[in-house]
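Read through the structure below, which is laid out as structure tokens, and then see the notes.
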Amino acid sequence: MGIGNLFSKAYAKLENGFFSIMDFFENRGIPVYNYVDFLEKKGIPVFPFTLGLLVFLAMGVWLLFFSAPASVFLTASFKDDAGSVLNEVGFSITSVADGKSIYAQPTDSAQKIELKGFAIGSRLSLKAEKEGFESTEQELTLSGTENRAFMELARDIEIITAKVRLFDSETGDLVRNAKVTAEFEGRTLDGILNEDGSYSFIGVPANTQLTIKVKADSYEDEEKLLSF
């Protein structure tokens, strides 16, 4: 007996079993032969079509419940307000849905983080903090398997009022009739003359180098670098 005959007999047994099942349901009041008649009128073989449909549905169920979800990643980049890259940033990720902490540890700029158990469309709350900088937060919705966040941390700078006094190099007298300016980071502040003869510059960042420029009648122009 050839392989073809064996296959034909096996197929015939399976087909007979299939129609026996159809008869069983039909006898129980389930009109399955409406489905059979519909396919036969279309010229579609009922048994192979139904078998293929069941295999397709079984594969769909398996993919839905048993296949591993696609990995989702987040790459965060950190810079200061001057555009310099920051590393070793305290970075934390929290789920917006339930407030659960997902990730919290020092992170370098452009470091790739795997977000396990999170699907595309999930909303996350991101926080970045580093000593000497103001912390920053933002929300992110995962839009694909590869996601990026760009976070800028402003330098935490103490703002002060700087004061200078001008003295005549020969007499030691205070010079009160000068125009005094302080330049830093592209800004220029005019000095305000005080009663004690000093000049004040309001709103100066602490530990920032200033270029002090002085112009006064009967004196040569002066320029000096100072930090406060």
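Note that the sequence shown covers residues 972 to 1199 in the working numbering.
Note that CB positions come from ideal geometry on N, CA and C, so glycine has one too.
Keep in mind it's a predicted model, so treat the numbers as computed, not measured.
Hey, would you say residue i sits closer than 8 Å to residue j, going by beta carbons?
i, j, result
"residue 1062", "residue 1056", "no"
"residue 1111", "residue 1097", "yes"
"residue 1153", "residue 1175", "yes"
"residue 996", "residue 1021", "no"
"residue 1146", "residue 1169", "no"
"residue 1138", "residue 1084", "no"
"residue 1155", "residue 1177", "no"
"residue 1103", "residue 1127", "yes"
For residue i, count the other beta carbons within 10 Å of its own beta carbon; 16 or more makes it buried, fewer makes it exposed. Which is it?
i, result
"residue 1101", "buried"
"residue 1237", "Not covered by the structure: residue 1237. The range shown for the chain is 972 to 1199."
"residue 983", "exposed"
"residue 1181", "buried"
"residue 1067", "exposed"
"residue 1030", "exposed"
"residue 1185", "buried"
Helix, strand or coil: how does DSSP classify residue i here?
i, result
"residue 1146", "coil"
"residue 1195", "strand"
"residue 1091", "coil"
"residue 987", "helix"
"residue 1003", "helix"
"residue 972", "Any answer about residue 972 is weak, because its pLDDT of 47 lies below 50 and its placement is not dependable; what the coordinates show is given next. In the structure shown, residue 972 sits in coil (DSSP, three-state: anything other than H, G, I, E or B)."
"residue 1017", "helix"
"residue 1051", "strand"
"residue 1056", "strand"
"residue 1110", "strand"
Shortest alpha-carbon distance to residue i belongs to which of the options?
i, options, result
"residue 1203", "1157, 1174, 1151", "Given that the chain is displayed from residue 972 to residue 1199, the structure contains no residue 1203 and the question cannot be resolved."
"residue 1105", "1017, 1022, 1060", "1060"
"residue 1203", "1173, 1144, 1167", "Residue 1203 is absent from the model: the chain starts at 972 and stops at 1199."
"residue 1131", "1160, 1114, 1109", "1160"
"residue 1196", "1075, 1018, 1179", "1179"
"residue 1189", "1046, 1015, 1141", "1141"
"residue 1144", "1167, 1122, 1129", "1167"
"residue 1122", "1054, 993, 1010", "1054"
"residue 1114", "1129, 1107, 1089", "1089"
"residue 1091", "1042, 1076, 1120", "1042"
Would you list the one or two residues that DSSP bridges to residue i?
i, result
"residue 1062", "1076, 1099"
"residue 1200", "Nothing about residue 1200 can be reported from this structure: the residues present for the chain run from 972 to 1199 only."
"residue 1083", "1046"
"residue 1116", "According to DSSP, which records beta bridges pairwise, residue 1116 is partnered with nothing at all."
"residue 1153", "1160, 1183"
"residue 1138", "1145"
"residue 1131", "1175"
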